Every structure is written in C-alpha cells, then in structure tokens.
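Everything on this sheet refers to the single structure shown next.
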Amino acid sequence: MLRIVAEGEVIASDPDDLPFPSVLILGFDGARPIHFVVARDAQTMLCFVVTVYQPDPKVWSDDFRTRRET
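Per my numbering, the very first residue in the sequence shown carries number 23; after that it's consecutive.
If you want it as structure tokens, here you go:
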C-alpha cells in the first residue's frame, strides 16, 4: 500500500488543512481503486496517513477522480 502513496495520483489538495496540508491520492490495488488522505509536515517532511478507503462508485465518477454531482 505504501506504493500507492509514493506513486499514486494526487486528485485533490487542501493546503489549508490543519494541522498539516493534505492531499487525496488515488491508486489501485490490482483493479480495486483506493483513496488515501495524506498530510505532510513541511518542517520534518514526515507524512501521516489520515485515512484510507475504497471509493464508493455511487459517490465518485467512473474514474474515481471526481465526486458525482448530487
């Protein structure tokens, strides 16, 4: 799974997130899409995995990069 954090696609960023700026990363485990929310401390360069989930196809577009409009 660390491969996804290192090589996945950043599909959204929140530079104002606290306590550290965060990004939403899309990756795949085989054919299964996975979203990681990762925050990074710019001073120490440490990354923190905030959450990991399988995106719901009812909520996300077919490519899992954007939310569907409600």
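Glycine included, every Cβ here is placed at the ideal spot set by N, Cα and C.
The structure displayed is predicted, hence computed values, not measured ones.
Judging by CA-CA distance, which residue of the options is the nearest neighbour of residue i?
| i | options | result |
| --- | --- | --- |
| Y75 | H57, M23 and L24 | H57 |
| R25 | M67, L48 and D39 | L48 |
| D36 | W82, E29 and V72 | V72 |
For residue i and residue j, I'd like the C-alpha separation in whole angstroms.
| i | j | result |
| --- | --- | --- |
| F70 | P55 | 20 Å |
| R89 | V59 | 15 Å |
| D78 | V45 | 18 Å |
| T66 | F50 | 28 Å |
| M23 | E31 | 13 Å |
| P43 | R62 | 6 Å |
Tell me whether residue i is buried or exposed, calling it buried when 16 or more other Cβ atoms sit within 10 Å of its Cβ.
| i | result |
| --- | --- |
| G52 | exposed |
Opposite residue i in the DSSP bridges: which residues?
| i | result |
| --- | --- |
| T88 | In the DSSP output, where bridge partners are listed per residue, T88 has none listed. |
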